[in-house]
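Working notes, structure below.
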Amino acid sequence: MNKHNSHSYHGIPGWIYAVASIGGLLVILPLAAMVAKVNWAQFIPLVTSESARTALGLSLRTATASTLLCIVLGVPLALVLARGAFRGQRLLRALVLLPLVLPPVVGGIALLYTFGRQGLLGKSLELAGIQIAFSTTAVVLAQTFVALPFLVVSLEGALRSAGHRYEAVAATLGARPTTVLRRVTLPLVLPGLASGAVLSFARSLGEFGATLTFAGSLEGVTRTLPLEIYLQRETDADAAVALSLVLVAVAMAVVGLSYGRRRSRQGAAL
Amino acid sequence: MIPHLKRNLVALLVAGGLASALTGCGAPAGISSSAGSSSSTGSSSSTGTSSSTGSQLDGPITVFAAASLKAPFTHLAHEFEAKNPGTKVTLSFAGSSDLATQIIQGAPADVFASADTKNMSKLVDAKLLDGAPRNFASNVLEIAVPPGNPASISSFADLAKPGVKVVVCAPQVPCGSAAAAVEKSTGTTLKPVSEESSVTDVLGKVISGEADGGLVYVTDVEANGGKVQGIPFPEASKAVNTYPIAAVGNSKNKALAAAFIALVTGETGQKVLSDAGFGAP
Amino acid sequence: MSFTFKAALSARKFDMSVSLADAETVAVLGPNGAGKSTLLGMIAGLLRPDSGTAVLGERRLFDLDGGTHPWRPPHLRGTALLAQDSLLFPHLDALDNVAFGPRSTGASRKAAREAARHWLAEVDASAFADRKPSQLSGGQAQRVAVARALAAEPELLLLDEPMAALDIHAAPMLRRVLKRVLRGRKAIIVTHDVLDAYMLADRVIVVENGRIVEEGPTRRILERPRSPFAAGLAGLNLVSGTITGEGITTPDGQVFAGQHDPAWLPQPGQAGVAAFPPSSISVFLGDVHGSPRNSFAVTITELEPHGDQIRVRADTGQHTLSADITPAASADLGLVPGMEVRFVVKAALVSVYPA
Chain A
1 MNKHNSHSYH GIPGWIYAVA SIGGLLVILP LAAMVAKVNW AQFIPLVTSE
51 SARTALGLSL RTATASTLLC IVLGVPLALV LARGAFRGQR LLRALVLLPL
101 VLPPVVGGIA LLYTFGRQGL LGKSLELAGI QIAFSTTAVV LAQTFVALPF
151 LVVSLEGALR SAGHRYEAVA ATLGARPTTV LRRVTLPLVL PGLASGAVLS
201 FARSLGEFGA TLTFAGSLEG VTRTLPLEIY LQRETDADAA VALSLVLVAV
251 AMAVVGLSYG RRRSRQGAAL
Chain B
1001 MIPHLKRNLV ALLVAGGLAS ALTGCGAPAG ISSSAGSSSS TGSSSSTGTS
1051 SSTGSQLDGP ITVFAAASLK APFTHLAHEF EAKNPGTKVT LSFAGSSDLA
1101 TQIIQGAPAD VFASADTKNM SKLVDAKLLD GAPRNFASNV LEIAVPPGNP
1151 ASISSFADLA KPGVKVVVCA PQVPCGSAAA AVEKSTGTTL KPVSEESSVT
1201 DVLGKVISGE ADGGLVYVTD VEANGGKVQG IPFPEASKAV NTYPIAAVGN
1251 SKNKALAAAF IALVTGETGQ KVLSDAGFGA P
Chain C
2001 MSFTFKAALS ARKFDMSVSL ADAETVAVLG PNGAGKSTLL GMIAGLLRPD
2051 SGTAVLGERR LFDLDGGTHP WRPPHLRGTA LLAQDSLLFP HLDALDNVAF
2101 GPRSTGASRK AAREAARHWL AEVDASAFAD RKPSQLSGGQ AQRVAVARAL
2151 AAEPELLLLD EPMAALDIHA APMLRRVLKR VLRGRKAIIV THDVLDAYML
2201 ADRVIVVENG RIVEEGPTRR ILERPRSPFA AGLAGLNLVS GTITGEGITT
2251 PDGQVFAGQH DPAWLPQPGQ AGVAAFPPSS ISVFLGDVHG SPRNSFAVTI
2301 TELEPHGDQI RVRADTGQHT LSADITPAAS ADLGLVPGME VRFVVKAALV
2351 SVYPA
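Chains as they are written, first to last, in my numbering: chain A, 1 to 270; chain B, 1001 to 1281; chain C, 2001 to 2355.
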């Protein structure tokens, strides 16, 4: 693919490269600066300390749970948005996508007034014996809140570009809507679903503001890796930098996975 | 889509990078004159200097102050500008450790007022101060409960009762270490549902009614009058937080910085601080 | 009638009524946007008309004129749809694509695959059973798609221009396959190709602007077209007017003399058409001696190759007529667009019949 590209005319003005490299540096330089600050002698003990391992474990568990929740809730939502036709559809889309542009702390406050003890649903939940505040469930809810739009956007795009002609044919062949969904629609948009899930996972992993506001911060229960980094920063800068690097590595692995998938898919298409 | 994640990461990275720079600078400074040693100078010299504000003072200064000082310092800055026409006080409030980091990284501060001696000593170690810090106020913990006190908390020991949801600061931050000190001296072990990274986060959980009680400073309860109820407890005296103030070495307006410090440590300042709930240094 | 359909959809200016006998294949012809695909969509249940009723065998497909408005969803209609693109599910191999219908209607995996093998063999595609759609050529994929549609055992097969996307080599083979499998089946085939109508259909429906303009046995429609579209498909010149003793007279007074078709017993004064093939026209420069009856001054608008002939399109002022002459004749006459010539039509080759 690259070989092909280097032979064909690309039409990019030279100065674009200059501006593009400034843009690239803006992202890469801070990462490099952080790597340069890592106390390598202490790196292993710092990132394997009990609190760090606990936080990383909690982050991975909660991000996995929220990704699953995003899939369970996001797939129907994306289907309804992409295929449904009803009054208020555009409004619904706008609202569902809101967390993308909302400061996470605002999301945290909103969740607090919904699922908190005094919240809209919290009161009833409390009566039913379910307490969400300060629990790992709260972390998962906060992460799902911020990550759901990533899955919905990604999947809705895939659904729209796949069109609904395959589904129409499947229906005329005698397949019930549920069968069409299971055997045609979902397999067709699987790549979109996968990259949406990866993005949701990455977003969940990085979630900070809503968690801090809504779930609190307690080791092993609600203190995910970003919260641990934020706290370590107060006293132990070395630990904060080391843990940041761990988070960067995990995020890069996740994003790389998604990018690699996309490239190999394009390759197959060619 | 990824930028969202990336932005968070970068924010963390930048913060982390700054924080790490701090230790790099701090290490070579050999003299570790702890802020504790300078604490005795605080109040004794303060009364005399408050009247020395001459009419020739003018120009701008920037004061970096701990977030808990927001109300009294805003008040004092107005007073200072009124008393000294031609002056302009710019205030910057944040967590003491953030402010200390910023000053070490070269932020243009003329005066630094910290909520604890630990962060002030970072600047002492880095030799960034002009003269020794002076303690100008103190603060003690108080139990904050939501209006109506739903869990009927009346003492520190009540916080340890089963079923009571308590939120405290994490031990890594000043309000948390104070809470830990109280726990230690009283032999009471709290089982908090959350250890927050700032007083604001503790207050947020109490105000919203999520928590039955939280440990914050007296001044935080004062500042949030009405939204939370304060319950003083005698054991708080085991962990008194001292607030030092100092002029920053590369200040461009040393006279103005000195005058502002004099105002804070002088009678007027002490009155305003005391009204806001602060104790004597 | 084992299939009756009547529906209107005002948003698409659609209003048609179609019926099929058992084992009948009907070709739907018409220009783009005439409503052909709309018709199939409504029958398949993919598009809802404003009003109308449709019954397929025992099944009431919809009845929007009554009170309860029953509407049978696509998967319960028994009307498999085959489109221009094969639309094979890209994640399934050919065999599982064909097995999709039986599987969806409750057959076991084994039974469904058995049926799939049978239908793949029917369309001469057994060799591709294990291939993914991306590994099939257009013609192969379309044959698999035919097998897939048939495996669903539809009561009515809907074919929407199944040959349109195929190259000229692949189309004949699919046409042969379709001819074989459509025998004894109810099917509606939308097509642009007159050959499909001849080979596959018992009856032709010509639609224009959402309405049926002409319908009848394929042979009759293509030999005696009444609509310009059908005439174009059949490659005939068509002129409409009023039937007179000689032939027909167009509204502007031109007379086309011809043979009245005795089968239709045209009455003078009745609206009629005159149809004649391009080969029935001779082209002359200047005046024609001997005063043949059908002689018209025309202006050449276009010259284009047509098989081994040259097709001369010319304008009479009222009609556009096409004449086919040999390249040598064209060169001798020095024909170029814009030139004024005379078209002489042999009256013996002009068929006149009622419109």
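The beta-carbon is built from N, C-alpha and C at its ideal position, and this holds for glycine as well. The model shown is predicted, which means the values in this text are computed figures rather than measured ones.
Under a Cβ-count criterion, where at least 16 other Cβ atoms within 10 Å of its own Cβ denotes burial, should A:Y9 be classed as buried or exposed?
By the C-beta density criterion, A:Y9 is exposed, having fewer than 16 other C-beta atoms within 10 angstroms.
If distances are taken between C-alpha atoms only, which option among C:Q2318, C:I2325 and C:T2301 comes closest to C:I2307?
The identity of residue 2307 of chain C in the sequence shown is Gly, whereas the question assumes Ile. If we check each option's Cα against that of C:G2307, C:I2325 comes out closest.
Does DSSP classify C:T2004 as helix, strand or coil?
strand
Give a yes or no on contact between the segment 1233-1246 of chain B and the segment 1118-1129 of chain B, applying the rule of three or more CB pairs nearer than 8 angstroms.
yes
For A:V169, decide whether its Cβ has a neighbour in chain C, counting only Cβ atoms nearer than 8 angstroms.
Closer than 8 angstroms to some Cβ of chain C, the Cβ of A:V169 qualifies, so yes.
If we call anything under 8 angstroms between Cβ atoms a contact, is B:A1077 one with B:L1091?
In this structure, B:L1091 lies closer than 8 angstroms to B:A1077 by Cβ.
What does the alpha-carbon distance come out to for the pair B:A1211 and A:T222?
15 angstroms
Which two residues bound the contiguous beta strand (DSSP E) that contains C:R2059?
R2059 to D2063
Tell me whether C:N2097 sits in a helix, a strand or coil according to DSSP, three-state version.
helix
Look up B:A1094 in the DSSP assignment and give the residues it is bridged to.
Residue pairing by DSSP places B:A1094 opposite B:A1066 in a beta bridge.
Output the distance between the C-alpha atoms of B:A1067 and B:N1241, rounded to the nearest integer angstrom.
One C-alpha to the other measures close to 14 angstroms.
Using the rule of at least 16 other Cβ atoms within 10 Å of the residue's Cβ for burial, across every protein chain shown, is C:D2287 buried or exposed?
exposed
Do you know whose CA, among B:A1276, B:L1190 and B:I1207, lies nearest B:P1171's CA?
B:L1190
Counting only the same chain and skipping the five closest in sequence on each side, list residues whose C-beta sits under 7 angstroms from that of A:E167.
The residues are V180, V184 and T185.
Could you run through the segment 126-146 of chain A and flag, in chain order, every residue whose CB is less than 7 angstroms away from some CB of chain B?
A133 and F134
Leaving aside the five residues before and after B:L1129 along the sequence, list all residues of the same chain whose C-beta is less than 6 angstroms from its C-beta, in chain order.
L1123, A1246 and G1249
State buried or exposed for C:E2024, treating a residue as buried only when at least 16 other CB atoms are found within 10 Å of its CB.
buried
C:A2355: which of C:L2335, C:Q2318, C:R2226 and C:A2329 sits nearest, CA to CA?
Of the listed residues, the one whose Cα sits closest to C:A2355 is C:R2226.
So is B:G1204 in contact with chain A if we call contact Cβ pairs under 8 angstroms?
Interface flag for B:G1204 against chain A is set, since a Cβ pair is found closer than 8 angstroms.
Indicate whether C:S2322 and C:G2258 have their beta-carbon atoms separated by less than 8 angstroms.
no
Please give me, in chain order, every unbroken run of the alpha helix (DSSP H) with length at least 4 that falls completely inside the segment 1252-1281 of chain B.
1254-1265 and 1267-1275
Can you pull the chain E neighbours of B:P1192, defined as C-beta to C-beta under 8 angstroms?
Among the protein chains of the structure shown, namely A, B and C, there is no chain E.
One question on the structure: do C:V2190 and C:V2028 come within less than 8 angstroms of each other, judged by their Cβ atoms?
yes
Check C:V2028 in the structure and name its three-state DSSP category.
In this structure, C:V2028 counts as strand in the three-state DSSP scheme.
Closer than 9 angstroms, Cβ to Cβ, to anything on chain C: give me those residues from the segment 168-201 of chain A, in chain order.
A168, V169, A170, A171, T172, L173, G174, A175, R176, P177, T179, V180, R183, V184, P187, L188 and L190
When you compare the CB of B:D1201 with every CB in chain A, is at least one pair closer than 8 angstroms?
yes
Between the segment 2097-2109 of chain C and the segment 159-174 of chain A, are three or more C-beta pairs nearer than 8 angstroms?
As far as the Cβ criterion goes, the segment 2097-2109 of chain C touches the segment 159-174 of chain A, which means the pair count is three or higher.
Note down, in chain order, each residue of its chain lying with its Cβ closer than 6 angstroms to the Cβ of B:V1010, except the 5 sequence neighbours on either side.
For B:V1010, the pLDDT reaches just 41, beneath the cut-off of 50, and the residue's location in the model is therefore unreliable, leaving the point undetermined.
Does the distance from the CB of C:A2164 to the CB of C:Q2084 come in under 8 angstroms?
yes
Does the segment 2333-2344 of chain C come close enough to the segment 2294-2307 of chain C to have 3 or more Cβ pairs within less than 8 angstroms?
yes
Taking 8 angstroms as the threshold (beta carbon to beta carbon), is A:T114 in contact with chain B?
no
Closer than 8 angstroms between beta carbons: that is the criterion. Which residues of the segment 1164-1190 of chain B meet it against chain A?
K1165, V1167, A1170, Q1172 and V1173
Within 10 Å of its beta-carbon, does C:K2186 have 16 or more other beta-carbons around it, so buried, or fewer, so exposed?
buried
Can you find a C-beta in chain B that's less than 8 angstroms from the C-beta of A:Y230?
yes
Mapping the DSSP letters down to three states, classify C:P2102 as helix, strand or coil.
helix
Quick one, which of A:L111, A:F201, A:Y113 and A:R117 has its alpha-carbon nearest A:G129's?
A:R117
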